[in-house]
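Have a look at the structure below before the remarks.
Residue numbers (our numbering): 260 to 950.
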C-alpha cells in the first residue's frame with residue numbers, strides 16, 4: 260500500500276512570476292534611486308543590444324549624476340527578462356560591481372538595485388554567473404560599510420542633495436535583497452555568507468526593526484533562507500545572536516509589517532533550534548507557535564474589506580481637501596497638496612516617502628498591509644508544515660511514497676500487517692503541546708476554507724488589489740498541506756476522535772465538490788487531494804466509515820487522473836486504493852470493486868509516468884489482497900490475465916525510461932513494485948488453482 264510521508268516546504272529560489280517570497284521584480288532601485296531610471300525602455304534585440312552597450316559605457320563617466328542615471332536606467336531595463344542576455348554578454352556584473360563602492364551614495368543605491376533586479380529576473384544561471392564574476396566581494400564590503408555608516412550616524416546621515424533620504428539604510432535594503440536572491444540560488448554564495456561573517460552584519464540591521472521595519476523584513480527573509488540546511492552557520496549562533504531574535508519575537512507592535520517580521524524571525528528561530536540550550540527549547544517552540552497562532556487568528560478577508568473601506572475614506576477626505584485647497588488658493592502646487600493630504604491622513608495608512616520595497620508594494624499602504632498579513636500567514640503555515648514532518652524527508656514526490664509490503668504472499672496476514680496504513684512519523688512532545696495549547700490545528704482548519712467572496716470581489720475589481728487573490732489562495736493551499744501533515748503525525752485523541760474526523764471529511768468533500776465545475780487549479784488539487792488521502796488513511800486505520808460515496812470517489816479520480824501534475828494523479832490513485840481496500844471487506848461491493856479495479860488497471864497500463872503506474876499497481880495490490888468480494892471482482896475483470904500481460908511491459912518501461920528519467924531512490928521503489936507485482940501474480944495464481 261502506498262503510504263504518505265509528511266510533505267516539507269523548502270525555500271524556493273526567487274522567480275519573478277511568483278514564488279514563496281512573492282517578490283515582484285519591477286520595483287528596484289530605478290524607483291528609489293532617481294536619475295531618470297524610468298525613462299529607459301526595452302526595445303527589440305538589436306536596439307536592446309546597442310542600448311546595453313551605451314548604458315554600460317556611461318558607468319565610466321566622471322559625473323556621478325550620469326553614472327546614477329545609467330545605473331537607474333539599467334535597473335529599469337533589467338526588469339524585462341528578454342533584455343538580460345544582452346547585458347550578461349557585455350559583462351554587466353563586472354561593470355556594475357565596482358559601482359557598489361562608488362564615491363556617490365546615490366550611485367551605490369541604484370547600482371545595487373540594478374544587480375538586485377538582475378538576480379531576481381535572471382534565475383539560477385544568472386545568479387551563478389554573478390557569483391562566478393565575484394559579485395560577493397563588493398557586496399559584502401558594501402554591507403559592512405552600510406553597517407558602519409548606520410552605526411556612525413545612528414540612522415540620521417543625510418546627503419545634501421536630498422535631505423529626506425537615508426542613503427545607507429536604502430542601500431542596505433537593496434544589498435540585502437541582492438544577497439538574499441544569490442544565496443537562494445547559489446551554494447557558493449552561502450559559503451561566502453558563512454565565511455565573511457554576514458550573519459553578524461544582518462543581525463545589526465535587524466536590531467533597527469523598530470524604526471526600519473522594511474529593512475528588518477528583508478533581513479529576516481534572507482536569514483530564513485540561509486539558515487535552512489546550513490550546518491556550517493549554526494556554530495555562529497550564540498547567546499547574543501539568540502537575544503536579537505528573541506527581542507524581535509517579543510515585540511508587541513500590531514502593524515501588519517511587524518506581524519510579518521515576527522513570523523519570519525520565528526521561522527529563523529525554528530531553523531536554528533538545535534543551537535538553543537536544551538532547557539529553553541520547549542519555551543522557544545511555544546513562543547514560535549504563539550506567534551504563528553496569533554498571525555493565523557487574523558481574518559485576512561475581513562482585513563482586506565476593512566483596508567478597502569479605509570482607503571475609500573482616505574480618498575474621499577483627500578478629494579474634499581483638494582477641492583477646498585483649490586477654492587482657497589488655486590495656485591497651490593501639487594507638492595503642497597500632497598504634503599497637506601499626508602498630514603491629515605491617518606498614520607496607519609500614510610504612504611511612506613522613498614519606500615522602494617517590492618516585497619511589500621509601496622503604491623498603496625492598505626495593499627501593503629494586507630500583503631504583509633498574507634505573507635505572514637503563508638510563512639507561518641509553511642513552517643508548521645515543516646514542524647509536522649520527519650527531520651529528513653525527501654524533496655522527491657515519489658519518495659513521499661513507500662511501497663507495498665514485501666511479504667512473499669498476499670494473504671490475510673499481509674492485510675493485518677498493513678492494518679496501520681500510516682507509517683510512523685515524528686512529532687516532538689514540545690511541538691505537539693504547543694500546537695494544542697495555542698489551538699493551531701483549529702486555526703489551520705479555518706484557513707482551508709475558500710477565501711472570503713467579498714474580499715475576492717474587491718480585489719478583482721481593483722488592479723492594485725488583484726495580486727492579493729493569488730496570495731489568499733496560497734494561504735488556503737498551505738493550510739490544506741498543514742492539515743495533511745497534522746493528520747499523518749497525530750493520533751485519534753489529538754485529532755478529537757471519530758466525530759471530528761467525519762466532520763472533516765464532510766468539509767473536504769464540500770471543498771472538492773461545491774464548485775460548479777471541478778477545480779482546474781493544480782495547486783489546490785494537489786493540496787486538497789493530499790489532505791483527503793491522509794484523512795482516508797486515518798479513517799481506514801481506525802475502522803471509521805469512509806466519507807466519499809462511490810460516485811463521488813470516481814468523479815474525483817476521473818477528474819484528477821487527467822491532471823498534468825503527477826502528485827495529483829498519485830494522490831487520486833492512492834485515494835482509490837485506500838477506499839477500495841476498505842470496500843473489499845464489505846458485502847455486496849463487487850460492482851464497485853470492479854469499477855475501481857478497471858480504473859486502476861487503465862492507469863497502470865496507460866499513464867505516461869512510471870511514478871503513477873507504480874502507485875496504481877500498489878493500489879491494486881491493496882484492493883485485491885484479500886476477501887471474497889475482491890476475489891469475485893478480480894475474476895470478473897480478468898485481473899490476473901491483464902497483470903500477466905502487463906508484467907513484461909512494465910519491466911521494459913523500467914529498463915527504457917528508468918535511466919535518466921528517474922532518480923536512484925525512485926528506481927529503488929519501482930524495483931520493489933516490480934517485485935511485489937511478481938508476488939501478487941503468484942498469489943492470484945494460487946487462488947485460481949484452489950477454485
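Here a beta-carbon is modelled for each residue, glycine too, at the ideal position from N, C-alpha and C.
ask   = Fully enclosed by the region 494-576, which alpha helix (DSSP H) runs are 4 residues long or longer?
value = 498-508, 515-530, 540-555
Contact between the region 459-466 and the region 508-519 (3+ Cβ pairs under 8 Å) = no
key: Unbroken stretches of the alpha helix (DSSP H), 4 residues or longer, contained in the region 890-934   = 898-920
query = What do you get for residue 723, buried or exposed, if any count of 16 or more other CB atoms within 10 angstroms of its CB means buried?
reply = As a position in the chain shown, residue 723 is number 464, starting the count at 1. It is exposed - the Cβ of residue 723 has fewer than 16 other Cβ atoms within 10 Å.
query = Should residue 574 be labelled buried (16 or more other beta-carbon atoms within 10 Å of its own) or exposed?
reply = Position 315 of the chain shown, counting from 1, holds the residue named residue 574. Classification of residue 574: exposed, given that the 10 Å Cβ count is below 16.
request  = Grab me the residues of residue 713's own chain with a C-beta within less than 8 Å of its C-beta, minus the 5 sequence neighbours each way, in chain order.
outcome  = Here residue 713 is taken as the residue at index 454 of the chain shown, counted from 1. Taken in chain order, the residues that qualify are 560, 564.
message = Between residue 314 and residue 360, how many whole angstroms is the CB-CB distance? I'm expecting something under 8 Å.
response = Start at 1 with the first residue of the chain shown, and residue 314 comes out as number 55. Start at 1 with the first residue of the chain shown, and residue 360 comes out as number 101. Between residue 360 and residue 314 the Cβ distance is about 20 Å, and since that is not below 8 Å, they are no contact.
query = Thinking just about the alpha-carbon of each residue, which of 773, 551, 825 is nearest to the one in residue 862?
reply = Taking the chain shown and counting its residues from 1, one reaches residue 862 at position 603. Here the closest residue by C-alpha is 825.
key: Opening and closing residue of the alpha helix (DSSP H) in which residue 806 lies   = Counting from 1 along the chain shown, the entry for residue 806 is found at position 547. Run containing residue 806: none; DSSP gives neither H nor E here.
task = Take the Cβ of residue 311 as the centre, count every other Cβ of all protein chains shown within 10 Å, and call the residue buried at 16 or more, exposed below.
result = Your numbering for residue 311 matches position 52 in the chain shown. Buried: at least 16 other Cβ atoms inside 10 Å.
ask   = Can you find at least 3 beta carbon pairs, one from the region 810-824 and one from the region 753-764, that sit closer than 8 Å?
value = no
request  = Taking 7 Å as the cut-off, decide whether the C-beta atoms of residue 377 and residue 409 are in contact.
outcome  = The sequence position of residue 377 within the chain shown is 118, counting from 1. The sequence position of residue 409 within the chain shown is 150, counting from 1. For residue 377 and residue 409, no; Cβs fall outside 7 Å.
query = From this set, 481, 738, 369, which residue's C-alpha is nearest residue 444's C-alpha?
reply = The sequence position of residue 444 within the chain shown is 185, counting from 1. Looking at the Cα atoms, 481 is the closest of the given residues.
message = For residue 943 and residue 899, I'd like the C-alpha separation in whole angstroms.
response = The count along the chain shown starts at 1 and reaches residue 943 at position 684. The count along the chain shown starts at 1 and reaches residue 899 at position 640. Approximately 6 Å between the Cα atoms of the pair.
ask   = Straight-line CA distance for residue 576 to residue 697?
value = Within the chain shown, numbered from 1, the residue matching residue 576 stands at position 317. Within the chain shown, numbered from 1, the residue matching residue 697 stands at position 438. Between residue 576 and residue 697, the C-alpha separation is close to 41 Å.
query = Do residue 519 and residue 437 come within 7 Å of each other at the CB atom, strictly closer than that value?
reply = Counting from 1 along the chain shown, the entry for residue 437 is found at position 178. Counting from 1 along the chain shown, the entry for residue 519 is found at position 260. No, the Cβ-Cβ distance between residue 437 and residue 519 is not below 7 Å.
key: Residue range of the alpha helix (DSSP H) that includes residue 430   = Within the chain shown, the letter at position 171 stands for residue 430. Element bounds for residue 430: 426-444.
request  = Pull up the distance between the alpha-carbon of residue 929 and that of residue 865, whole angstroms please.
outcome  = The residue given as residue 929 occupies position 670 in the chain shown. The residue given as residue 865 occupies position 606 in the chain shown. Using only the alpha carbons, I get a separation of about 16 Å.
query = Cβ atoms of residue 493 and residue 528: under 7 Å apart, would you say?
reply = Within the chain shown, residue 528 is the residue found at index 269, counting from 1. Within the chain shown, residue 493 is the residue found at index 234, counting from 1. Result no, Cβ atoms of residue 528 and residue 493 do not sit closer than 7 Å.
Neighbour-count burial assignment, residue 827, 16 or more Cβ in a 10 Å radius = On the chain shown, residue 827 is found 568 positions in, with the first residue counted as 1. Residue 827 comes out buried.
inquiry  = Only counting the same chain, and skipping five residues up and downstream in sequence, which positions put a Cβ closer than 7 Å to that of residue 449?
reply    = Position 190 of the chain shown, counted from the start, is the residue given in the question as residue 449. Within the same chain, residue 449 has close Cβ partners 442, 485, 489.
task = Name the residue from 386, 946, 512, 496 whose alpha carbon lies nearest to the alpha carbon of residue 536.
result = Position 277 of the chain shown, counted from the first residue, corresponds to residue 536. The candidate whose alpha carbon is nearest that of residue 536 is 496.
query = CA-CA distance, residue 425 and residue 624?
reply = Counting from one through the chain shown, the residue named residue 425 turns up at place 166. Counting from one through the chain shown, the residue named residue 624 turns up at place 365. Taking the straight line joining both Cα atoms gives about 20 Å.
inquiry  = Taking only three categories from DSSP, how would you classify residue 750?
reply    = Taking the first residue of the chain shown as 1, we reach residue 750 at position 491. Coil.
message = Just to confirm the assignment: which complete alpha helix (DSSP H) runs, minimum length 4, are found wholly within the region 446-485?
response = 446-454, 457-465, 472-485
Exposed unless 16 or more other CB atoms sit within 10 angstroms - verdict on residue 915 = To locate residue 915, count along the chain shown from 1; it is residue 656. Exposed, since its Cβ has fewer than 16 Cβ neighbours within 10 Å.
query = Excluding the five sequence neighbours on either side, which residues of its own chain have a C-beta within less than 7 Å of the C-beta of residue 478, listed in chain order?
reply = The residue given as residue 478 occupies position 219 in the chain shown. Cβ within range, chain order: 435, 461, 464, 465.
ask   = For residue 339, which of helix, strand or coil comes out of DSSP?
value = Looking up residue 339 in the chain shown gives position 80. Residue 339: coil per DSSP, three-state reduction.
request  = Output yes or no for whether 7 Å exceeds the beta carbon distance between residue 831 and residue 876.
outcome  = Against the chain shown, residue 831 aligns to sequence position 572. Against the chain shown, residue 876 aligns to sequence position 617. The answer is no: Cβ separation not under 7 Å.
message = Is the beta carbon of residue 771 closer than 7 Å to that of residue 738?
response = In the chain shown, residue 738 corresponds to position 479, counting from 1. In the chain shown, residue 771 corresponds to position 512, counting from 1. In this structure, residue 771 does not lie closer than 7 Å to residue 738 by Cβ.
request  = Please go through the same chain and pick out, in chain order, the residues whose beta-carbon is closer than 6 Å to the beta-carbon of residue 483, but skip the five residues on each side of it.
outcome  = Mapped onto the chain shown, residue 483 falls at position 224. Contacts found: 523, 526, 527.
message = Tell me which residues share the same chain as residue 759 and place their Cβ nearer than 7 Å to its Cβ, disregarding the 5 neighbours each side in the sequence.
response = Position 500 of the chain shown holds residue 759. Result list for residue 759: empty, nothing under 7 Å.
query = Roughly how many whole angstroms lie between the Cα atoms of residue 785 and residue 348?
reply = Taking the first residue of the chain shown as 1, we reach residue 785 at position 526. Taking the first residue of the chain shown as 1, we reach residue 348 at position 89. Roughly 40 Å separates the two Cα atoms.
query = Do you know offhand how far residue 873's Cα is from residue 778's?
reply = Residue numbering aside, residue 873 sits at position 614 when the chain shown is read from its first letter. Residue numbering aside, residue 778 sits at position 519 when the chain shown is read from its first letter. Roughly 26 Å between the two C-alpha positions.
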